[in-house]
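Accompanying notes for the structure given below.
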Amino acid sequence: MDPQPLQIAISDGESVSALLYLADKTNRAGTTVILGHGAGANQLHPFMRLFASGLAERGFDVLTFNFQYMEQGRRVPDPKAKLEACYLSVIEAARKHKKLKGNRVVIGGKSMGGRIASQVAALDCGGLTPLSNTASNSSRKSNPQVSSSPGDIAGLVFLGYPLHPPGKPDKLRDAHLPQITAPMLFVQGSRDAFGTPEELRATIKKHHLPATLHIVKGGDHSLKIPKALGIPQGEVYASTMDKTAAWLKAP
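Each residue of the sequence shown is one higher than the last, beginning at 1 in our numbering.
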């Protein structure tokens with residue numbers, strides 16, 4: 001099924017385009033997965049379309065969108081606060097959409113889109129249910145699976161988390177992560193220049209994060225593997241989506 005085009009109003013009077021990939025009515029998990037794009041490509045990039053449609057085929061309603069700078073044809077990402085405000089508006093639109101009402105909400109995205117989702121999840125205000133004030137925080141930390149609360153962020157999915165700029169492992173983007181109490185899934189290539197699995201493991205351990213790490217062997221920042229491994233790239237992506245779907249469906 002082709003995705004449904006949407007226009008989402010942003011708080012400053014602007015709007016961005018979005019695409020809603022609905023799961024089949026006979027196979028709906030009751031979860032909306034919101035995916036933000038990376039810094040250099042919009043929601044129409046093949047990677048975004050592949051994962052959005054793939055997760056929809058696996059029973060999840062998926063919403064992708066453009067950040068404002070990309071919507072307006074600019075190359076340089078907006079300031080942090082504007083990116084976060086845009087993501088917050090998309091979350092609010094998803095919660096109000098008639099076909100998505102009552103769904104649990106999982107946020108995340110590719111690279112920068114996932115990082116902005118994590119920053120939004122770390123906020124204690126701005127339209128989100130304060131994650132740090134929920135009664136089930138302690139149980140979430142001991143059981144890093146998806147929450148069942150429909151009024152909160154149920155989880156986060158990172159498709160290549162940019163832990164640091166390439167070649168600058170000392171410039172970590174992890175200071176806000178301890179504020180997140182929702183369970184997290186990090187899908188990371190073993191060759192990711194923005195953060196290796198070993199670096200992510202250390203970050204998860206250091207901050208005691210309620211996180212699961214799925215490693216794509218041989219994968220780069222876009223989870224692409226070398227042809228020398230002899231494994232079709234499509235199989236790698238399909239397996240990754242299967243793992244993501246299983247995590248999302250875990251009790």
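Ideal Cβ positions, reconstructed from N, Cα and C, are used throughout, including at glycine.
Owing to the predicted nature of the structure, the values given are computational and were not obtained by experimental measurement.
Per DSSP, Leu-50 is one residue of the alpha helix (DSSP H) stretching across 46 to 57. Put simply, the region 5 to 15 does not touch the region 27 to 35. Fewer than three CB pairs are less than 8 Å apart. Comparing alpha carbon positions, the residue from Ala-41, Met-48, Gly-40, Gly-73 closest to Leu-20 is Met-48.
Taken in chain order, no unbroken stretch of alpha helix (DSSP H) lies wholly in the region 154 to 197 with a span of 4 residues or more. Judged by beta-carbon spacing, Gly-155 lies within the 8 Å limit of Val-106, meaning their Cβ atoms are closer than that value.
Residue pairing by DSSP puts Ile-34 in a beta bridge opposite Leu-63, Ile-107.
Taking each of Arg-58, Glu-71, Met-1, His-37 in turn and checking the Cα distance to Ser-15, the smallest one comes out for Glu-71. Annotation for Ala-18: the continuous beta strand (DSSP E) segment containing it runs 15 to 21.
C-alpha of Ala-41 to C-alpha of Gly-160: approximately 14 Å in a straight line. At the C-beta level, Phe-186 and Leu-213 come within 8 Å of one another. If you draw a straight line from the Cα of Glu-235 to the Cα of Lys-224, it comes to about 11 Å. Distance from the CA of Asn-103 to the CA of Asp-78, rounded to the nearest whole angstrom, comes to 29 Å.
Under DSSP, no beta-bridge partner is assigned to Gln-72. Between the beta-carbon of Leu-55 and that of Val-33 there is about 6 Å, and that keeps the pair under the 8 Å contact cut.
In the structure shown, Ile-8 adopts extended strand secondary structure according to DSSP, grouped into three states. For Lys-227 and Gly-189, the gap between their C-alpha atoms comes out near 15 Å.
If you check the CB distance, His-176 and Ser-222 do not come in under 8 Å. Bridge pairing for Val-216: Gly-189 [DSSP]. When Met-1, Gly-114, Ser-11 are compared, the shortest CA-CA separation from Asp-24 is found for Met-1.
Cβ-Cβ distances below 6 Å link Lys-243 to His-214 in the same chain, with the five nearest sequence neighbours on each side left out; the list follows chain order. With respect to the 8 Å criterion, Val-76 and Tyr-69 are classified as neighbours on the basis of their beta carbons. In this structure, DSSP gives Ala-85 a helical state, which the three-state scheme calls helix.
Annotated as distal: Gly-36 and Ile-153, with beta-carbon spacing of 8 Å or more. Exclusion of the five residues before and after Leu-50 leaves Tyr-237 as the residues of its chain whose Cβ lies within less than 7 Å of its Cβ.
Following the DSSP letters along the chain, one finds Ala-245 inside the alpha helix (DSSP H) bounded by residues 233 to 249. Residue range 112 to 121 is occupied by the alpha helix (DSSP H) that includes Gln-119.
Cβ neighbours of Asp-174 within its own chain (closer than 6 Å, five residues either side excluded): Thr-203.
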